[in-house]
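As structure tokens, the structure follows; a few thoughts come after it.
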Amino acid sequence: MSSAQKSTKSTMTDQQVASEFTSYYLSRVTQEFAEDLDKVRAADDFKNDAIQLLVNALQQGTALFSPEEQRRIVAAEAAAEKPTST
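Take a look at the structure:
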């Protein structure tokens, strides 16, 4: 990661980091549990209004990570997305 990228990530507010981390976390969780989530959605008793409840339940997993861990993960993900130039 370039020093400019490090600086940008390190100057993000905790709220900005939490928002980016939540997006990243939900993306990963839905990828990892795609089959299980499809089964839940296909259940006869699953209603559309349960989607927000399901999203909120999945978001609760972000509480397992401290703000420092979230910042580290967001920074690492940003570094992995940007190819380094030589």
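In terms of this note's numbering, the sequence shown opens at residue 54 and continues consecutively.
Every residue, glycine too, gets a C-beta built ideally from N, C-alpha and C.
If you're wondering where the values come from, they're calculated on a predicted model, not measured in any experiment.
Under 8 Å between the Cβ atoms of residue i and residue j?
i	j	result
Thr-75	Gln-112	yes
Val-70	Gly-114	no
Is it buried or exposed for residue i, if we count other Cβ within 10 angstroms and need 16 for buried?
i	result
Ala-128	buried
Val-108	exposed
Val-93	exposed
Lys-59	Note on Lys-59: pLDDT 47, under 50, position unreliable in the model; the coordinate value appears next. Counting Cβ neighbours within 10 Å, Lys-59 comes out exposed, since fewer than 16 surround it.
Do three or more CB pairs link the stretch 67-86 to the stretch 115-123 at distances below 8 Å? yes
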